[in-house]
Structure formats: C-alpha cells, structure tokens
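In terms of full-length UniProt numbering, the sequence shown is residues 1 to 189.
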Amino acid sequence: MHRIDIPVPCTASWEDMTGDHRVRHCKDCNKNVFNLSAMPAAEGAALIAENLNGDLCVRMDKRQDGSVVSSDCGDSARPTARQPWRGLPAMAGAAVLALSAAGCSTNDSQPVPAVSAGATVNPEPPVTVLMGAPPATAPAPAVVAPTISSVQGARQCEKNAEIQRLIGKPAAGHSMPSVLVDSKGMCTR
C-alpha cells in the first residue's frame, strides 16, 4: 500500500481499545479498527477493496514520503529492542586490532590513537500514526487472472491494474507482492 489518505483522522486512543495488534474495537464509534501496518500489503489492500461502503476504520503508520508501513515491507515503524550482546563481535575485533597494533610498534614510532568500539545506531525514520476511515472511493477488489503469452504453450499470470493502483509503486528499497512464473509457465504465487 503506497498511499492512503484519511481525510478526517480519528482522535480515539488505540491503547484504550480492546483487541490485539491487528484489530481492535472502538467503543466511541462501535467499529472494528484494523491496523494496516500489522498486515502484509496485499492483505491490507484487499481489506480496503472489500469495504467500499465507508464503514471501514483503519490505523496505519506512514513514512515521511507518505507511504504506508506494512508488516512485509522489511522495516518497522516501531523501534525494536537491540540485544546488548549484538555489538560484542565488533568490540572484540576492535580490541584485537588495538592490541596487535600496540604489539607491533617500536619505541621510535608515533603513538597509536585509541580505538573506540561503540554500538552503531541507525535512527529510525520519522513515522506518523493515523487512524480513521479511508475514502469510500477505493477501486473494486483485484483479481489475479491467467493470460496467454506470446510464447506458444506458456501461461503467465497478470494482476489486475486496479491492485497496482491501490497499492501504488514501492518506495526505494521496499518490495511489493509479485506473481512468479516458473519455467513451465505456471503461476507459483
């Protein structure tokens, strides 16, 4: 799901709703609220396509570029706790390097600068959390249909253009659901 707009974001608290990380019930509007960021992109797109009557309420995490974070996009809107032992190999390597450099030095050489082994921190990009009803003008559900290719006897699968429009184009470094065709021309996904 590339971009989904929520014209009027909801102010209800996700934490006050009952349910799990994928769907919770809102007592204020008496609706189920679906967390699109806890679903694979294709499942979220199908949910929106199936609920065109305007009764759908969703929660999602959006990146700075406006794309929606999904569970299968490879990054997460929520920072994960890093285990303290993960930096241990880097620190051990730095210590060995520092000791070997000190052992090879002679008295007339320049002093070896201290080596600092610290954990590398990659900050998470800012994410905006939105909740509310998406517009009811979403396209009809997408259909995966086999088509005949120009190669005699081979089949390939083609996704409906509507799902491409609904999901959008992936941001750099992110993958989208795809249809794979094996050597016999049969759809494998």
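In this text, a Cβ means the ideal position worked out from N, Cα and C, and glycines have one as well.
What number of angstroms, rounded off, separates the C-alpha of residue i from the C-alpha of residue j?
i: R63; j: A95; result: 39 Å
i: R3; j: F34; result: 16 Å
i: L36; j: M131; result: 10 Å
i: P89; j: P134; result: 47 Å
i: E43; j: N53; result: 18 Å
i: H25; j: K31; result: 6 Å
i: P7; j: D65; result: 17 Å
i: C73; j: P126; result: 16 Å
i: V68; j: D20; result: 20 Å
i: C10; j: K27; result: 13 Å
i: A41; j: G93; result: 40 Å
i: D61; j: C29; result: 21 Å
Would you say residue i and residue j are within 8 Å of each other, going by their C-beta atoms?
i: M39; j: S70; result: yes
i: R59; j: V129; result: yes
According to DSSP, what are the bridge partners of residue i?
i: D61; result: V129
i: V33; result: R24 and C57
i: G19; result: R24
i: V68; result: K62
Should residue i go down as buried or exposed, given a rule of 16 or more other Cβ atoms within 10 Å for buried?
i: L56; result: buried
i: D5; result: exposed
i: L97; result: exposed
i: A140; result: Its pLDDT being 48, under 50, A140 is placed unreliably by the model, and the measurement read from it follows with that caveat. Result: exposed.
Q. Does the region 9-17 come within contact of the region 48-56, defined as at least 3 CB pairs closer than 8 Å?
A. no
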